[in-house]
Amino acid sequence: MRKPALPDEILLKIDKPARYIGREINSIDKTKEQKNGMIDVRFAMCFPDVYEIGMSHLGIQILYHMLNTREDIWCERVYSPWMDLDPLMREKKIPLFALESQDPVKDFDFLGITIQYEMCYTNILQVLDLSGIPLRAADRCDGDPLVIGGGPCTYNPEPLADFFDLFYIGEGETQMFPLVDAYKENKKAGGSRTDFLRKAAKIPGIYVPSLYKPEYAPDGRLVSFEPLYPDVPRKIRKEIVKDMDAAYYPEEPIVPYIRVTQDRVVMEIQRGCIRGCRFCQAGMIYRPVRERSRDRLTALAEKMLAATGQDELSLSSLSSSDHSQIQPLIESLIDSCSEKHVNISLPSLRIDSFSLDVMSRVQDVRKSSITFAPEAGTQRMRNVINKGLTEEDILTGAAEAFKGGWTKVKLYFMLGLPSETEEDMKGIAELSERICECFFDTVPKEKRKGKIQLTASSSFFVPKPFTPFQWAVMEEKDEYLRRAHLVKDTFRQQLNNRSMHYEYHEADVTVLEGVLARGDRKLSDVIEAAYRKGCIYDAWGDFFDFEKWLAAFRECGIDPDFYTVRKRHEDELFPWDFIDIGVTKAFLLREWKRAQAGELTPNCRESCSGCGAASFGCGICVKERK
Amino acid sequence: MKIRIRFSKTGFLRFIGHLDLMRTFQKAAARAELPVRFSEGFHPHPMMSFASPLSVGETSCGEYMDTELTESMTGAEILDRLNAALPDEIRCLSIRQLPDDEKKKNNNAMAIFGRADYTVSIRPPFDSRLAGSDLSSLTSSYLSQPARNITKKTKRSETNVDILLYIYHLSFSDGAFQMRLNAGSKVNLKPEVVMEDLLAFSGTGGFEEIFSGKVPRDIWLDIVRTDMLTDDGVSLSQTGVPLP
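Chains as they are written, first to last, in the working numbering: chain F, 1 to 626; chain E, 627 to 870.
Encoded structure:
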């Protein structure tokens with residue numbers, strides 16, 4: 001029997017040792033199948049955060065099982081050791097290991113890292129460091145694993161460029177096998193690491209940062225970004241799955257022993273979003289919207305539940321209500337799930353009479369809450385961000401929910417959106433107040449079961465690459481806090497203040513996220529300096545230390561304001577402009593201008609706005625519209 | 627149909643806690659498509675109850691779980707289906723059928739469990755400190771003491787108890803200590819407590835770090851729970867009636 005990489009004395013000392021032992025149902029142990037002789041490529045797939053977060057991520061589950069369908073590949077999982085284990089591994093010199101084989105990551109051919117949010121960048125360095133892999137790609141040699149990044153943050157990979165050998169731009173299902181094949185071929189031919197990287201650069205969607213050279217103006221702006229060799233492509237076009245029904249989807253997902261964040265079967269019903277909210281990166285980079293068919297989904301649900309024994313099924317998408325078959329799909333799932341004692345959870349469902357009816361059947365109305373994401377407090381601001389949700393929609397939905405017995409309401413807002421005025425800020429509290437009043441107007445006194453409890457929370461807006469707001473100017477930390485306090489004061493002045501609770505996110509995390517989101521290659525030094533100062537788990541409020549980050553910026557002679565509060569010109573070359581997401585820069589600029597004029601743009605189902613995603617020739621772009 | 631299943635928990639899975647073990651069984655039963663009865667109410671859950679939690683780090687070949695099926699099945703089929711669905715390091719070993727008496731709620735495994743058997747060995751390098759001692763006669767002279775009073779700390783108070791009253795068996799054979807101790811909801815005597823007191827009694831040196839609590843239980847002891855029994859000393863695997 002394999003021995004755990006961690007000795008008993010450590011496993012018994014740390015919190016939740018089950019994070020590190022693997023062996024979950026449906027995890028894949030190829031030594032058990034006696035197939036080790038056939039394995040040519042060992043792939044370590046990493047989510048650089050703690051097990052419970054990483055195990056809840058769908059993308060890794062898809063790629064893990066897809067890669068393992070091939071007999072010559074063994075893909076295993078790696079997560080960040082928690083803060084109690086990290087110092088013990090350093091002290092005892094135990095290298096980071098993959099869960100299935102418990103073998104050191106350093107012995108693998110590939111280390112794939114999914115990069116889901118900016119605040120995990122130092123955790124990536126922790127994973128490399130604990131694995132004993134040089135942090136900088138330039139310092140690695142033939143025996144080291146190839147470090148490849150994927151996920152939404154790779155739509156601007158530049159701040160991390162020095163730490164990765166390759167990035168995969170786009171959806172993993174399409175080019176992972178060609179990439180592995182190219183690797184095998186190169187190895188067979190006796191090719192070196194550099195030989196392979198040069199070849200990989202020609203595979204669609206693959207970006208090899210060491211083969212490109214950025215040049216900067218004296219003020220720090222990027223002025224050119226060119227490949228070093230003529231056979232390396234100037235532009236990298238994102239990869240996408242064209243037919244969701246034909247695409248691979250894991251029918252036997254892993255069942256963790258310990259309770260993880262997403263402790264249920266997750267079924268992705270569609271990819272992309274028709275809405276086009278101007279702040280939303282996912283809404284642009286995953287275009288065009290592509291659905292899985294109802295038949296495929298009902299079959300998938302049955303198989304996944306049978307293979308896992310999970311008691312909850314969650315439908316995943318950016319906006320479930322926009323799936324063209326959502327009503328019949330949910331009806332049939334409710335029928336088949338209730339006999340198996342399986343609950344259905346329906347995040348991202350718009351509040352209307354249909355969704356309220358569904359929710360009243362699958363949830364306990366008294367305990368559950370209804371959620372709205374108006375994002376902004378006034379209609380003017382909602383038009384600026386192209387959030388096609390009116391106050392009337394919200395109040396009608398809320399009134400229906402109150403009649404149905406709900407008393408708990410959650411509202412999500414953003415502060416610091418472009419062109420925001422005090423009226424927009426106050427609007428957050430005023431809209432919340434009108435929802436409270438709607439409760440008292442709708443539900444007569446004798447029928448009230450409990451009082452309305454409204455929670456409004458706001459995050460500070462961070463401009464992201466490949467959105468119409470990529471040109472937007474951010475605010476200083478103190479200005480964010482001033483705005484949050486103004487909202488809080490306005491809440492206090494409301495009649496129903498006592499039924500409402502307002503909370504806002506940290507402002508310094510926002511500033512850092514803003515720097516990294518639209519950053520360039522110069523930031524690799526800052527990220528490494530911050531890591532050397534002890535920054536890890538920055539996404540966890542308990543561990544985030546902004547002072548250390550500021551010290552890292554000073555040490556590297558880099559001004560964070562350059563990335564946040566500087567005004568970017570319309571024709572500025574962005575570090576991420578070498579990536580082609582289908583949606584054109586011209587469209588984004590048009591949308592930026594329409595935002596400033598407060599003009600709404602129709603969603604993809606209403607009419608085509610010519611964003612450029614039609615060049616992929618799939619999804620809604622080739623379907624007939626209503 | 628009410629049933630009682632004896633199972634083992636070994637290997638890596640000694641690092642899985644009790645709540646996670648319960649979830650593992652619930653999901654395995656669902657994968658095995660066993661017709662487990664669910665509770666009533668808005669959040670129905672499968673009716674399963676476990677005799678007693680096993681400490682993280684310990685292994686066992688004598689754990690018990692009671693459950694109820696809505697259809698009758700043969701014992702062999704239940705065991706086969708569950709074992710096919712469970713991880714390798716949890717094995718269902720045997721099954722008994724329990725009387726279907728609704729009123730007799732106090733006959734579940736948790737309620738009738740009163741004693742437990744353990745096999746305990748001292749891990750290297752700590753075991754070398756006992757090299758040369760006649761452990762077999764150590765156990766008999768320990769048991770022949772009039773009383774062994776130890777201080778038992780609970781959250782609220784400290785009490786003095788004579789632990790010999792709760793040791794039904796203690797011997798040394800095949801390189802390990804065998805013991806049968808009082809267990810369950812009233813007095814739950816833990817094997818490490820007995821081992822510590824036995825070493826103190828032996829007067830052998832070299833165990834100071836253990837007495838001071840510096841070395842956690844699992845580092846110096848290998849504890850296997852081998853069975854659970856009723857107050858009358860009947861193995862729970864012999865309660866109820868056979869279910870072929």
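C-beta atoms are modelled at their ideal positions from N, C-alpha and C, and glycine is treated no differently.
For R483 (chain F), no Cβ of chain E is located within less than 8 Å of the residue's own Cβ.
If you draw a straight line from the Cα of R663 (chain E) to the Cα of A655 (chain E), it is about 11 Å long.
In the pairwise beta carbon analysis, the region 179-188 of chain F is classified as not touching the region 529-549 of chain F: fewer than three pairs are separated by under 8 Å. With a cutoff of 8 Å on beta-carbon distance, G143 (chain F) and G170 (chain F) are scored as not near each other. Short of 7 Å from the beta carbon of P679 (chain E), and not among the five residues preceding or following it, lie these beta carbons of its own chain, in chain order: H644. For a cut-off of 8 Å, the C-beta gap from R434 (chain F) to L486 (chain F) is around 19 Å, too long to register as a contact. Look at L58 (chain F) here: in three-state DSSP terms it is helix. Look at R23 (chain F): its C-beta is under 8 Å from a C-beta on chain E. Look at I845 (chain E): its C-beta is under 8 Å from a C-beta on chain F. Residue state for L824 (chain E) is assigned as helix, using DSSP reduced to three classes. Chain-order list of chain F residues neighbouring F668 (chain E): D364, by C-beta distance under 7 Å.
Counting C-beta pairs with one atom in each stretch, the region 196-203 of chain F and the region 548-559 of chain F have fewer than three that are closer than 8 Å, which means they do not touch.
A Cβ-Cβ contact shorter than 8 Å links M474 (chain F) with V565 (chain F). Contact with chain E is absent for Q61 (chain F), since none of that chain's Cβ atoms lies less than 8 Å from the residue's Cβ.
Pairwise C-beta distances place the region 386-394 of chain F out of contact with the region 288-307 of chain F, as fewer than three of them are shorter than 8 Å.
Interface with chain F (8 Å Cβ-Cβ cutoff): I704 (chain E) is excluded. Per the C-alpha coordinates, the member of F:V409, F:W406 and F:R278 positioned closest to M381 (chain F) is F:R278. Within the region 709-784 of chain E, the runs of alpha helix (DSSP H) that reach at least 4 residues and sit entirely inside it are, in chain order, 735-738 and 761-769. Its chain contains V358 as the residues whose beta carbon lies nearer than 6 Å to that of I330 (chain F), once the 5 sequence neighbours on both sides are disregarded; these appear in chain order. Around K653 (chain E), the beta-carbon contacts reaching into chain F at under 9 Å are I25, V255, T308, G309, Q310 and D311.
In this structure L719 (chain E) is not in contact with R774 (chain E), their Cβ atoms being roughly 34 Å apart against a cut-off of 8 Å. G272 (chain F) has no beta-bridge partner at all, per DSSP. E52 (chain F) and P444 (chain F) have their C-alpha atoms roughly 44 Å apart. Apart from the 5 residues on each side of it in sequence, L58 (chain F) sits with its Cβ closer than 7 Å to the Cβ of V266, E268 and S316 in its chain, given in chain order.
Against chain F, a Cβ distance below 7 Å from G683 (chain E) picks out L12. The beta carbon of S432 (chain F) sits closer than 8 Å to those of L411, L454, A456, F491, Q494, M500 and Y502, all from its chain and outside the five residues before and after it, given in chain order.
Boundaries around Y563 (chain F) are those of the alpha helix (DSSP H), D561 to T564, since no beta strand (DSSP E) includes it.
Rounded to whole angstroms, V462 (chain F) and A246 (chain F) show a C-alpha spacing of 35 Å. Here the alpha carbon of F225 (chain F) sits roughly 12 Å from the alpha carbon of E572 (chain F). Among the residues of the region 340-355 of chain F, those with a Cβ less than 9 Å away from any Cβ of chain E are K340, H341, V342 and N343, in the order of the chain. For the C-beta of I258 (chain F), the chain E residues within less than 7 Å are, from N- to C-terminus, D646. In this structure, the alpha-carbon of P575 (chain F) lies about 14 Å from that of S210 (chain F). Assignment of T308 (chain F) by DSSP, reduced to helix, strand and coil, places it in the helix class. Taking 8 Å as the threshold, the shortest C-beta distance from E251 (chain F) to chain E does not fall below it. In this structure, DSSP gives N497 (chain F) a helical state, which the three-state scheme calls helix.
For A44 (chain F), the uninterrupted beta strand (DSSP E) run begins and ends at V41 to F47, by DSSP.
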